[in-house]
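Just below is one structure, and these are the notes that go with it.
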Amino acid sequence: MAADRRLTHSQILKEPGVAIFYAVLSVFLLVFIVGPLVVVFLEPSAADWARVWTTPRWRTAIGNTLAMAFRSTATALLVGLVYAIAIERGNFPGKRIFELIPLLLLVSPPFVGGLAFIFLLGRSGLITSNWLGLEVSLYGRTGLWIAQTLSFFPVAFMILRSSLQSIGGTLDNAARGLGASRTRVLFSVTVPLLVPGMLAAALFIGIIVLADFANPLLIGGRYRVLATEVFSQLTGWADAGMSAALGIVLLMPAAVFFALQQFLSRRSHGRYVTVGGRSSQLPQVGLPAPLRVLLFLFCLTVAAYTLLTFFVIFAAAVVQLWGIDYTITADHVRRSLRHWPELRNSLVFALSAAALCTLVSSVSAYLVHRCRVPFRTGLDLATLLPAGIPGTLYGVALVTSFARWYPRLNGTALLIILAMAASYIPVGYRISSAALQQMQPSLDDGARNLGAHRMQVFRDITVPLTANALFATFAYAFIRSIGTVSAVVFLVSFETMVSSVIILNLAEQSSWGRAAALASMLVLITFVGLALVRLISGTRWNRMFTR
Amino acid sequence: MTRLRSFVGITLIMTLSVVSLAAAGRAASDRPAAGSLRVYAVITQDDAELLTDMFREETGVNVSFIRATTGELVNRVIAEQDAPQADILLGGASLLHTSIAQAGALESYRSPNADGLPAYGVDPDGYWTGFYVTSLGIGVNEDRFRRLFGDTPVPETWDDLLDERFAGEIVMTDPLASSTAYLFLQTQLQRLGWDAGWEYLETLAPLVGQFPTSGGAPPQLIGSGEYSIGVAFVHALSRYRRQGFPLSVHTPAQTGGEVGAVSIIRGGPNTENARRFVDFVLSVEAQQAFVDQSLVTPLSDRVVLPEEAVGIQEIDLIDYDSELAGRQRSETLEQWQQIVD
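As they're listed, the protein sequences go chains A and B. Quick note, the first sequence lines up with residues 13 to 559 if you use my numbering. Quick note, the second sequence lines up with residues 12 to 352 if you use my numbering.
Here is the structure:
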């Protein structure tokens, strides 16, 4: 007999644990997420709005932002798709190494790709200038396109790979039995089955590209996009109204993508359970040999570039000036050591933000999906809200609300940790929700019938059974937080400076050696942190983010 | 085993959350310790490190700094007026210090070490004191220039820049983000007059390959051969030349320059140390070390001019009206945004 899981207002009082969590969570979301956003929406004046549409600079930036979002999403999706097919169906040697390559990119701080791009493909880059002897400038549209494709294809890879795994071999084999060629099976069975996954991946990447800040700043050249304009309006011109207006414009397409995403995931909910699963024991149909060779070469190229990315970051840290003077020096590394306090801040804040994010997102998921508390839809939306919000806009929102009303919060760790955590709560929430939905509610009911309180159920059943989801959330929030620039750049101060902002500073001054040295240290710290999470959780690397 | 792991993990997460929130809450109520000093630095990371390291060694005061663009720090100083985070604004055009003073965010102080500075280097009301002069110049990467343009003479005057062949090869800073670039706009507008000045800028803008946000970027970008021609401060260009980059540095006639100033933020946590810092920055030893490293033009005649630096007598400055430049700021930048997309 299933117990009624609905919790009425009177019942909630009998469950003090739930009531307290519910109250704390609601206040948290209202004060730190909904509140600042309302404030930032009220910031621009009518004149600011008029200027957004009449100034050529911003009209161009809006056009560029949209065009780049579509362009980069399309190519990132394509690269991710081909890579996923290669790994899952290519059946060539070295798969175990190749499958780690996108993961490596996924977990490195956001400016690593941009810096490496300058060192490898810049005007005096290793590949473009030294190896190919080209006199080209990729800064601007082309460069940004390439860099974003390389930065974000891993997201497509992760999503499409798990779709591929769930498709199973039954349909493939049926098509083969009906006389389809191996190539035909790929294009008329496998790829069409991937369409829902591709759509989901495209929306996910689209939102990330819109908000991407590091790549346009480092290699955008004259190609302006909104994410960086939001920043320069506030830093260059002290124009909070204009900055907020541009941020809200940037929010619109992101909100549309986000709404579509929600719509699709609601609609497809439940279908994944019936389609495929891992029940099929039939081996998947392989690909024809020439195609496999091509796929192998493709993976090899991507892998080579990725490994070069990390190589140049480390190498640029120990030579005088990359591209010009390759004398070995310890100077940059030695001088980066004085940034130890900033590195420590990055680590501490990112760990705290990850913990906060994990806590908020899992509690919220539990309350929404298992407790039927009042205003569930509101809670659901408020938790998911930051997903569509570009980091720079959230930064502006915190500056225009808290920092203004309560100046003593200015530059404190609290605002920085909040800014970091809030941005990644939606991903955590999705991970936890998915894990909860995979769990039979009858387990809860059984325990409840045996007399357990809801909080006991949460502690003894839900948390242990969804532990992997919690670790995944923690790891994701940690790696994103430690590298973020956009959300925190307005919030840092003397005691709370973080290394990613220093790296941005050094890169802006074109102090490449020092920027690379500090970036290398941050990359190492990130990897060590991840290794620890892996050790504690016992999750395998390639499983950590596939949920 | 799994249970143990998840138990350890969950406990860690919970502990971290509590600890972090507690720490963050405590930090929120912290005031900076007495006996320290906090500096907002507009000068480069290297130069700020030099001066703060020297000051720390000399006085034992625990000094820390944040380096950012002029615009961002000016915003911060004005925005933080009710609860100032920093004590000193180090560097940046005197004009900007004046505008912050008008907003009421600066403290007046006349350092004894300011005696003997020329009149234009000291604020009559004492809100800021100049400690260097910078002027705009043209840098050319000789290697790249020769490879691309053969025997074409290198641009040495402002008008030489308007050659169409240079399209995409010129780099200058974004006037919206950098005061250096705003100085360049105003120099052209004041040198040629408003209308002819805009004609000049409209011809030049399409030739520029990139507008980075930091004034320090163009010298490195031409030094490393990413572009062949750059508009930047002369001292910044000279620094790369000294490091052995194939750069030639040109100081055009009728150029613009500005006095770099230091000022004390009103109501900062350590105003007493701030005064000591201003005295220190204006001292001969600090000035000499700063000029030797940064190659800026010294304001004080007690400093020995390094070989690579340019003395004040060697610069042909226009009669720059900084007050006019301040008044026209919004209008100029607005119009600039109309011609550059």
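Note that the Cβ used here is the ideal one computed from N, Cα and C, for glycine as well. These numbers come from a predicted model, not from an experiment.
Legend entry - Simplified DSSP assignment, three categories, for isoleucine 139 (chain A): What you label residue 139 (chain A) is simply residue 127 of the first sequence in a count that begins at 1. The answer is helix: DSSP assigns isoleucine 139 (chain A) an H, G or I state.
Inset, instruction - Would you kindly work out how many angstroms separate the C-alpha atoms of glycine 218 (chain A) and arginine 278 (chain A), rounded to a whole number? - result: Translated into positions along the first sequence, residue 218 (chain A) becomes position 206. Translated into positions along the first sequence, residue 278 (chain A) becomes position 266. Straight-line Cα distance between these residues: approximately 19 Å.
Legend entry - Positions along the segment 128 to 159 of chain A whose CB lies within less than 7 Å of some CB in chain B: When CB distances to chain B are screened at a threshold of 7 Å, the residues of the segment 128 to 159 of chain A falling below it are Gly134, Arg135, Ser136, Ser149 and Tyr151, in chain order.
Legend entry - Coarse secondary structure for arginine 49 (chain B), derived from DSSP in three states: Here residue 49 (chain B) is taken as the residue at index 38 of the second sequence, counted from 1. Annotated three-state conformation of arginine 49 (chain B) is strand, per DSSP.
Legend entry - Assumed close pair serine 122 (chain B), valine 289 (chain B) - CB separation to whole angstroms, cut-off 8 Å: Residue mapping note: residue 122 (chain B) aligns to position 111 of the second sequence, counting from 1. Residue mapping note: residue 289 (chain B) aligns to position 278 of the second sequence, counting from 1. At roughly 5 Å, the Cβ-Cβ gap stays under 8 Å, so serine 122 (chain B) and valine 289 (chain B) are in contact.
Inset, instruction - Compare the C-alpha of serine 523 (chain A) against each of A:Gln177, A:Ala328 and A:Ala223 and name the closest. - result: As a working mapping, residue 523 (chain A) is identified with position 511 in the first sequence. Selected option, being the one with the closest Cα: A:Ala328.
Inset, instruction - Return the CA-CA distance between glutamine 160 (chain A) and phenylalanine 539 (chain A), expressed in angstroms with no decimal places. - result: As a working mapping, residue 160 (chain A) is identified with position 148 in the first sequence. As a working mapping, residue 539 (chain A) is identified with position 527 in the first sequence. Going by the C-alpha atoms only, they are around 22 Å apart.
Inset, instruction - Counting only the same chain and skipping the five closest in sequence on each side, list residues whose C-beta sits under 7 Å from that of proline 438 (chain A). - result: Numbered from 1 along the first sequence, position 426 holds the residue referred to as residue 438 (chain A). The residues are Thr395, Leu396, Pro398 and Ala399.
Inset, instruction - With DSSP collapsed to three states, give me the class of tryptophan 268 (chain B). - result: If you number the second sequence from 1, residue 268 (chain B) lands on position 257. The residue you asked about is not tryptophan; residue 268 (chain B) is glycine in the sequence shown. If DSSP states are grouped into helix, strand and coil, glycine 268 (chain B) belongs with the strands.
Legend entry - Proximity to leucine 215 (chain B) [Cα-Cα], best of B:Ile350, B:Leu159, B:Leu147 and B:Gly255: Along the second sequence, read from residue 1 onward, the residue named residue 215 (chain B) stands at position 204. Looking at B:Ile350, B:Leu159, B:Leu147 and B:Gly255, the one whose alpha-carbon comes closest to that of leucine 215 (chain B) is B:Ile350.
Inset, instruction - Go ahead and label glycine 58 (chain B) buried or exposed: buried means 16 or more other beta carbons lie within 10 angstroms of its beta carbon, across all protein chains shown. - result: To locate residue 58 (chain B), count along the second sequence from 1; it is residue 47. The sequence given here places aspartate at residue 58 (chain B); glycine does not occur at that position. By the neighbour-count criterion, in which 16 or more other beta carbons inside 10 Å mark a residue as buried, aspartate 58 (chain B) falls on the buried side.
Inset, instruction - Could you work out which residues of chain B lie near proline 398 (chain A), taking near to mean beta carbons separated by less than 9 Å? - result: By one-based count along the first sequence, residue 398 (chain A) stands at place 386. Taking a Cβ-Cβ cut-off of 9 Å, proline 398 (chain A) has no neighbours in chain B, whose nearest Cβ is about 18 Å from it.
Inset, instruction - Measure from the C-beta of leucine 117 (chain B) to each C-beta in chain A and report whether the shortest distance is under 7 Å. - result: Translated into positions along the second sequence, residue 117 (chain B) becomes position 106. Closer than 7 Å: no.
Inset, instruction - Determine the DSSP secondary structure at aspartate 337 (chain A), reduced to helix, strand or coil. - result: As a first step, residue 337 (chain A) must be located in the first sequence, where it is residue number 325. For aspartate 337 (chain A), the three-state secondary structure derived from DSSP is strand.
Legend entry - Closer than 7 Å to chain B by CB, glutamine 468 (chain A): Position 456 of the first sequence, counted from the first residue, corresponds to residue 468 (chain A). By this cut-off, glutamine 468 (chain A) is not an interface position.
Inset, instruction - Say whether chain C places a C-beta atom closer than 7 Å to the C-beta of leucine 27 (chain B). - result: Among the chains of the structure shown, chain C does not appear; the protein chains present are A and B.
Inset, instruction - Count the CB pairs spanning the segment 143 to 151 of chain B and the segment 240 to 255 of chain B that are closer than 8 Å, and state whether there are at least three. - result: Flag = yes, the segment 143 to 151 of chain B and the segment 240 to 255 of chain B touch.
Legend entry - alanine 214 (chain A) vs threonine 404 (chain A) beta-carbon contact at 7 Å: Position 202 of the first sequence, counting from 1, holds the residue named residue 214 (chain A). Position 392 of the first sequence, counting from 1, holds the residue named residue 404 (chain A). For alanine 214 (chain A) and threonine 404 (chain A), no; Cβs fall outside 7 Å.
Legend entry - Residue from A:Leu410, A:Leu391 and A:Gln452 with nearest C-alpha to isoleucine 428 (chain A): Locating residue 428 (chain A) in the first sequence gives position 416, counting from the first residue. Out of A:Leu410, A:Leu391 and A:Gln452, the CA that lies nearest to the CA of isoleucine 428 (chain A) is found in A:Leu410.
Inset, instruction - Look at the alpha carbon of aspartate 354 (chain B) and the alpha carbon of phenylalanine 160 (chain B), and state the distance between them as a whole number of angstroms. - result: Absent from the structure is residue 354 (chain B), since the part of chain B shown begins at 12 and ends at 352.
Legend entry - Cβ-based neighbour list, glycine 126 (chain A), same chain, cut-off 7 Å, excluding 5 preceding and 5 following: The count along the first sequence starts at 1 and reaches residue 126 (chain A) at position 114. Annotation for glycine 126 (chain A): Ala159, Ala226, Asn227, Leu230 and Ile231 place their beta carbon closer than 7 Å to its own, counting only its chain and skipping 5 residues before and after.
Legend entry - Proximal residues of chain A, C-beta to C-beta of serine 146 (chain B) below 7 Å: Here the question's residue 146 (chain B) lines up with position 135 in the second sequence. Neighbourhood of serine 146 (chain B) in chain A, by CB distance below 7 Å: empty, with the nearest CB roughly 20 Å away.
Legend entry - Runs of alpha helix (DSSP H) lying entirely within the segment 509 to 538 of chain A, each at least 4 residues, in chain order: Taking only runs of at least 4 residues, the alpha helix (DSSP H) segments lying wholly in the segment 509 to 538 of chain A are 511 to 520.
Inset, instruction - Just grab the DSSP bridge partners of histidine 465 (chain A) for me. - result: Locating residue 465 (chain A) in the first sequence gives position 453, where the first residue counts as 1. Per DSSP, none; premise fails for histidine 465 (chain A).
Inset, instruction - Label isoleucine 45 (chain A) either buried or exposed according to how many other C-beta atoms from any shown protein chain fall within 10 Å of its C-beta, with 16 as the threshold for buried. - result: For the purposes of this step, residue 45 (chain A) is taken as the residue at position 33 of the first sequence. Burial call: buried.
Legend entry - Whole-angstrom C-beta distance between valine 237 (chain A) and asparagine 76 (chain A), which should lie under 8 Å: Position 64 of the first sequence, counted from the first residue, corresponds to residue 76 (chain A). Position 225 of the first sequence, counted from the first residue, corresponds to residue 237 (chain A). Yes, asparagine 76 (chain A) and valine 237 (chain A) are in contact; Cβ-Cβ is about 5 Å, under 8 Å.
Inset, instruction - Name, going along the chain, the residues of the segment 194 to 208 of chain B whose beta-carbon falls closer than 8 Å to a beta-carbon of chain A. - result: Answer set for the segment 194 to 208 of chain B: empty.
Inset, instruction - With 9 Å as the limit, tell me which residues of the segment 222 to 245 of chain B have their beta carbon closer than that to any beta carbon of chain A; keep them in chain order. - result: Residues Phe222, Pro223, Thr224, Ser225, Gly226, Gly227, Ala228, Pro229, Pro230, Gln231, Leu232, Gly234, Ser235, Gly236, Glu237 and Tyr238.
Inset, instruction - Round the Cβ separation of aspartate 98 (chain B) and asparagine 281 (chain B) to the nearest angstrom and send it over; I've been treating them as touching at under 8 Å. - result: Position 87 of the second sequence, counting from 1, holds the residue named residue 98 (chain B). Position 270 of the second sequence, counting from 1, holds the residue named residue 281 (chain B). Between asparagine 281 (chain B) and aspartate 98 (chain B) the Cβ distance is about 5 Å, and since that is below 8 Å, they are a contact.
Legend entry - Between the CA atoms of glutamate 153 (chain B) and tyrosine 251 (chain B) - distance to the nearest angstrom: Stepping through the second sequence from its first residue, residue 251 (chain B) is reached at position 240. Stepping through the second sequence from its first residue, residue 153 (chain B) is reached at position 142. A straight line joining the alpha-carbon of tyrosine 251 (chain B) with that of glutamate 153 (chain B) spans about 13 Å.
Inset, instruction - Pull up the DSSP beta-bridge partners for isoleucine 329 (chain B), would you. - result: Looking up residue 329 (chain B) in the second sequence gives position 318. Beta-bridge partners of isoleucine 329 (chain B) (DSSP): none assigned.
Inset, instruction - Could you tell me which of A:Leu379, A:Ala31 and A:Ala239 sits nearest to alanine 73 (chain A), measuring between CA atoms? - result: Your numbering for residue 73 (chain A) matches position 61 in the first sequence. Comparing Cα positions, the closest option is A:Ala239.
Inset, instruction - Note down, in chain order, each residue of its chain lying with its Cβ closer than 8 Å to the Cβ of glycine 335 (chain A), except the 5 sequence neighbours on either side. - result: As a working note, residue 335 (chain A) is residue 323 in the first sequence. Sequence-distant partners of glycine 335 (chain A) (beyond 5 residues in either direction) whose C-beta falls short of 8 Å from its own C-beta, in its chain, are Phe131, Gly134, Ser136, Gly137, Leu138, Ser141 and Asn142.
Inset, instruction - From the DSSP output, in three-state form, read off glutamine 339 (chain B) for me. - result: Within the second sequence, the letter at position 328 stands for residue 339 (chain B). Glutamine 339 (chain B) falls in the coil class under three-state DSSP.
Inset, instruction - Would you check whether the ligand PLP has a heavy atom nearer than 6 Å to the C-beta of methionine 264 (chain A)? - result: Inclusion of the ligand PLP in the displayed structure is not the case, the ligand content being empty and no account of it being possible.
Legend entry - Any 3 or more C-beta pairs closer than 8 Å across the segment 541 to 551 of chain A and the segment 485 to 499 of chain A: Yes: at least three Cβ pairs fall under 8 Å.
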